[in-house]
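Beneath this line is the structure, given in structure tokens, with notes to follow.
Chains as they are written, first to last, in the numbering used here: chain D, 1 to 288; chain H, 289 to 552.
Shown next, in the form of structure tokens:
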């Protein structure tokens, strides 16, 4: 029973993000040509103005990107709750991550042990208090966007993550520099902020059950300002040593309109006990 | 790229780094002539000083905010406390000295916790100021700490125990004055054991001296620990390397797969 409590506690924080308003669209809509037809407001320096607080509307959690029946069954068993039903993978059409055979085998192993791995390296890095990476952070939490000349800043409430996206055309960092949140370079294409994200380390996962990638991950994000209160997001993920083809995660965000809304401090590492509580070293019968 | 041009490029990088480390001297010309500092300050469209950019402190306050001589792995330093020593209440001075003795394990930095304010300002890592008219976000490379400094607004009602406190600011002329409250009692001021309680109240003043320098002054008030308010002051330098950006120092990820820390 102990392990159920533990996983529930770990899930409680991240699953809060799954509370979506009525009418949520579980399969995110993808921006189309029409989203470029309206005249969006501009910042003083001429950028499309997407500043403000945003929250997802797709009932997506970071428990499992694939949201397959097997994963949902585990979620229901350990939490006693109906699993969220948002399905963020919009390509390939079957909603599955197109792992190469060796990677599918590793993914299946990580899924099989994710409730209580023998080693901390097989535990969700976010449960361990580490950074989320891109695109996972966009599925985890609400965020605020600030804009200033030549840059866009994303401030995420969960674990005080932030991203600074330069728009000045500077090159990416040397490939030897690996970052938990990657290295972002952006530019505007009409109403779409396109961000090229490289220099990822190989330590982040896409979800809690073990969807992983390698150090060559390349993420291309498109943030389309579809209407004054809506952002449509797509991330195309490429990693030829791990995936058989590029695949796409999508999300829709609505503007948070609560008067006086501010993000609060969300310290994650400082109270984290997940390794102590969830990792079950071999022979440690008491913790099973 | 040929090996020759690669060498040249490498040398150029080295030169750039060297220039950045030297920093630019204050804009007071030799011979008594002075440059008009006000004219050299970058301003936003609404006429306020524009503090945007990547900044870093160059001093030894991270080790000890008071004057100290060198010891192993600790560079000597002239303190940043004005009219020191820090006016501890007697019991608190004893506690500070115990903290110092036990600093290898007692310092919250050794556990990679959010370091609090003002300590985060003078740790040896860069930070970025992202300024808008209503909100100034300060983003720190060290454990991706953040502060949101809200302009012309009220603190939320306490008690609130936050690692980085709650920051509200106004412009006083060209000085950004930030009032910070709602701290916990878990953070220190430095690696020498200087500490505070959850009654800590800070008033920070960020005054631009030139395009590339900010004078930083902080008044520390905590009636539970100190006999009177006291101040620290230091310059903050712009990181002027081309394309400089924040990277990451994820302190708690470096100690191997089984690493985890549980407070006693």
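Virtual Cβ for every residue (Gly too), placed ideally from N, Cα, C.
Compare the C-alpha of residue i against each of the options and name the closest.
i, options, result
"residue 60 of chain D", "D:253, D:267, D:282, D:37", "D:253"
"residue 201 of chain D", "D:57, D:281, D:180", "D:180"
"residue 35 of chain D", "D:75, D:226, D:157, D:111", "D:226"
"residue 111 of chain D", "D:63, D:260, D:255, D:151", "D:63"
"residue 415 of chain H", "H:351, H:341, H:529", "H:341"
"residue 530 of chain H", "D:58, D:195, D:100, D:170", "D:170"
"residue 389 of chain H", "H:535, H:521, H:479, H:493", "H:479"
"residue 497 of chain H", "H:454, H:484, H:483, H:461", "H:461"
"residue 75 of chain D", "D:119, D:161, D:100, D:208", "D:208"
"residue 46 of chain D", "D:129, D:25, D:120, D:167", "D:167"
"residue 384 of chain H", "H:352, H:417, H:468, H:433", "H:352"
"residue 471 of chain H", "H:445, H:541, H:494", "H:445"
"residue 210 of chain D", "D:231, D:107, D:195", "D:107"
"residue 554 of chain H", "H:346, H:377, H:376", "Given a span of 289 to 552 for chain H in the structure shown, any question on residue 554 of chain H remains unanswerable."
"residue 146 of chain D", "D:139, D:155, D:138", "D:155"
"residue 129 of chain D", "H:400, H:465, H:386, H:330", "H:400"
"residue 192 of chain D", "D:160, D:215, D:220, D:174", "D:220"
"residue 465 of chain H", "H:486, H:504, H:448, H:449", "H:504"
"residue 436 of chain H", "D:70, D:136, D:161", "D:161"
"residue 277 of chain D", "D:259, D:69, D:105, D:119", "D:119"
"residue 418 of chain H", "H:467, H:338, H:537", "H:338"
"residue 275 of chain D", "D:261, D:52, D:114, D:104", "D:114"
What are the residues that DSSP puts in a beta bridge with residue i?
i, result
"residue 519 of chain H", "H:370, H:507"
"residue 379 of chain H", "In DSSP, residue 379 of chain H forms no bridge with anything."
"residue 189 of chain D", "D:192"
"residue 155 of chain D", "D:144, D:162"
"residue 184 of chain D", "D:197"
"residue 179 of chain D", "D:200"
"residue 331 of chain H", "H:337"
"residue 359 of chain H", "H:362"
"residue 38 of chain D", "According to DSSP, residue 38 of chain D bridges with nothing at all."
"residue 525 of chain H", "H:344, H:501"
"residue 428 of chain H", "H:415"
"residue 436 of chain H", "H:425"
"residue 48 of chain D", "D:42"
"residue 537 of chain H", "H:430"
"residue 514 of chain H", "H:376"
At 8 Å on the CB atoms, spell out the chain B contacts of residue i, in chain order.
i, result
"residue 65 of chain D", "You won't find chain B in this structure, because its protein chains are D and H."
Which first and last residues belong to the alpha helix (DSSP H) in which residue i is found?
i, result
"residue 73 of chain D", "69-79"
"residue 393 of chain H", "391-394"
"residue 148 of chain D", "No alpha helix (DSSP H) contains residue 148 of chain D, which is instead part of the beta strand (DSSP E) from 143-148."
"residue 136 of chain D", "136-140"
"residue 127 of chain D", "Per DSSP, residue 127 of chain D belongs to no alpha helix (DSSP H) and is neither H nor E."
"residue 113 of chain D", "101-113"
"residue 90 of chain D", "Careful: residue 90 of chain D lies outside any alpha helix (DSSP H), inside the beta strand (DSSP E) at 89-91."
"residue 277 of chain D", "274-278"
Is residue i near residue j, with beta carbons less than 9 Å apart?
i, j, result
"residue 489 of chain H", "residue 510 of chain H", "yes"
"residue 213 of chain D", "residue 197 of chain D", "no"
"residue 223 of chain D", "residue 236 of chain D", "no"
"residue 408 of chain H", "residue 430 of chain H", "yes"
"residue 457 of chain H", "residue 440 of chain H", "yes"
"residue 49 of chain D", "residue 40 of chain D", "yes"
"residue 513 of chain H", "residue 406 of chain H", "no"
"residue 264 of chain D", "residue 157 of chain D", "yes"
"residue 88 of chain D", "residue 28 of chain D", "yes"
"residue 501 of chain H", "residue 469 of chain H", "no"
"residue 349 of chain H", "residue 367 of chain H", "yes"
"residue 116 of chain D", "residue 56 of chain D", "no"
"residue 194 of chain D", "residue 186 of chain D", "yes"
"residue 369 of chain H", "residue 476 of chain H", "no"
"residue 527 of chain H", "residue 328 of chain H", "no"
"residue 542 of chain H", "residue 380 of chain H", "no"
"residue 255 of chain D", "residue 228 of chain D", "yes"
"residue 362 of chain D", "residue 428 of chain H", "Chain D is shown only over 1 to 288; residue 362 of chain D falls outside these bounds and no answer can be derived."
"residue 137 of chain D", "residue 96 of chain D", "no"
"residue 516 of chain H", "residue 375 of chain H", "yes"
First and last residue of the beta strand (DSSP E) that includes residue i?
i, result
"residue 417 of chain H", "415-419"
"residue 237 of chain D", "230-238"
"residue 30 of chain D", "Premise fails: residue 30 of chain D is in no beta strand (DSSP E) and is neither H nor E."
"residue 56 of chain D", "52-56"
inquiry  = Ignoring anything shorter than 3 residues, give me the beta strand (DSSP E) runs that lie fully in the segment 439-506 of chain H, in order along the chain.
reply    = 454-460, 463-469, 489-498
key: Every unbroken beta strand (DSSP E) within the segment 193-269 of chain D, with a cutoff of 3 residues, ordered by chain   = 218-227, 230-238, 247-255
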